[in-house]
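A short write-up of the structure that comes next.
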Amino acid sequence: MDAINARFQEMQPGLYGDHAPVSERIRWHSVYDTDDKSMRVKAFSEQLDMEHAGQYAVQKFMVGGKGAVVFNVNYPVPMAEGTGRFLWAPYFSLKKTGDATLEKTVYEYNPLTQFVVLFVMPSQDLMSVDIWMMEAIFGLPTTVQPHVRRKVREWDQMMEHFPR
């Protein structure tokens with residue numbers, strides 16, 4: 002397992018564990034809060050290449066559907082060959098958290114104009130997580146828009162068969 006996946010594994014008990022109700026496992030914060038944790042997340046987010054993260058989100062959507070770019074903020078942004086390496090959490094995986102806010106946001110975002118970013122801070126015992134969510138807005142190149150639009154239609158048609 003590489004370092005990227007190890008960082009994701011660290012978040013899993015808090016995100017998906019059955020040891021506690023979702024309200025005890027997942028604590029939501031605003032990226033506009035001014036407490037120490039939120040300021041740490043803000044500083045982390047300012048180091049990101051959001052354009053690159055958006056490109057990654059579109060690529061992942063095109064091959065696997067909706068999801069979110071996820072960062073474990075206990076570690077610096079992982080780099081490979083001068084660019085950030087990201088984690089992708091697919092919609093159906095995030096749905097398993099049982100968190101209605103997370104599910105709804107990822108289900109409803111529009112991949113033509115935005116992507117979802119989750120900043121996750123696991124607790125010391127890894128049994129819960131603090132989450133800050135951002136819906137980043139971006140513009141797709143006109144050459145890519147028809148392909149993404151087609152994939153959005155396919156996604157919507159597929160989701161008609163799955164209860165929310």
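Numbering of the sequence shown is given in our numbering, commencing with residue 2 and proceeding in unit increments.
Glycine included, C-beta positions come from ideal geometry on N, C-alpha and C.
Own chain, CB closer than 7 Å to residue i, minus 5 neighbours either side, in chain order
| i | result |
| --- | --- |
| residue 92 | 66, 67, 68, 107 and 108 |
| residue 131 | 28, 30, 38 and 122 |
| residue 96 | 104 |
| residue 98 | 16, 17, 23 and 27 |
| residue 11 | 73, 123 and 127 |
Residues bridged to residue i [DSSP beta-bridge criterion]
| i | result |
| --- | --- |
| residue 119 | 71 and 134 |
| residue 88 | 71 |
| residue 20 | Note: residue 20 sits in no beta bridge, so no partner. |
| residue 150 | In DSSP, residue 150 forms no bridge with anything. |
| residue 156 | Its beta-bridge partners do not exist; DSSP assigns none. |
| residue 30 | 133 |
C-alpha gap between residue i and residue j, whole angstroms
| i | j | result |
| --- | --- | --- |
| residue 125 | residue 25 | 14 Å |
| residue 154 | residue 133 | 29 Å |
| residue 48 | residue 78 | 8 Å |
| residue 162 | residue 54 | 30 Å |
| residue 40 | residue 34 | 7 Å |
| residue 150 | residue 114 | 11 Å |
| residue 71 | residue 157 | 23 Å |
| residue 90 | residue 6 | 11 Å |
| residue 144 | residue 59 | 13 Å |
| residue 52 | residue 86 | 13 Å |
| residue 76 | residue 135 | 18 Å |
| residue 21 | residue 61 | 31 Å |
| residue 142 | residue 57 | 14 Å |
| residue 36 | residue 164 | 38 Å |
| residue 19 | residue 88 | 23 Å |
Residues of its chain near residue i, where Cβ-Cβ distance is below 6 Å and the 5 sequence neighbours each way are ignored
| i | result |
| --- | --- |
| residue 14 | 127 and 128 |
| residue 152 | 63 |
Beta-carbon separation (whole angstroms), residue i vs residue j, contact threshold 8 Å
| i | j | result |
| --- | --- | --- |
| residue 46 | residue 32 | 7 Å |
| residue 111 | residue 8 | Rounded, the Cβ-Cβ distance is 28 Å, inconsistent with contact. |
| residue 116 | residue 139 | 7 Å |
| residue 118 | residue 137 | 6 Å |
Sequence-distant residues of its chain with Cβ nearer than 8 Å to residue i (five each side left out)
| i | result |
| --- | --- |
| residue 148 | 63 |
| residue 43 | 32 |
| residue 146 | 113 |
| residue 159 | 66 |
What are the uninterrupted segments assigned as beta strand (DSSP E) that are 3 or more residues long and contained completely in the stretch 34-71, given in chain order?
-> none
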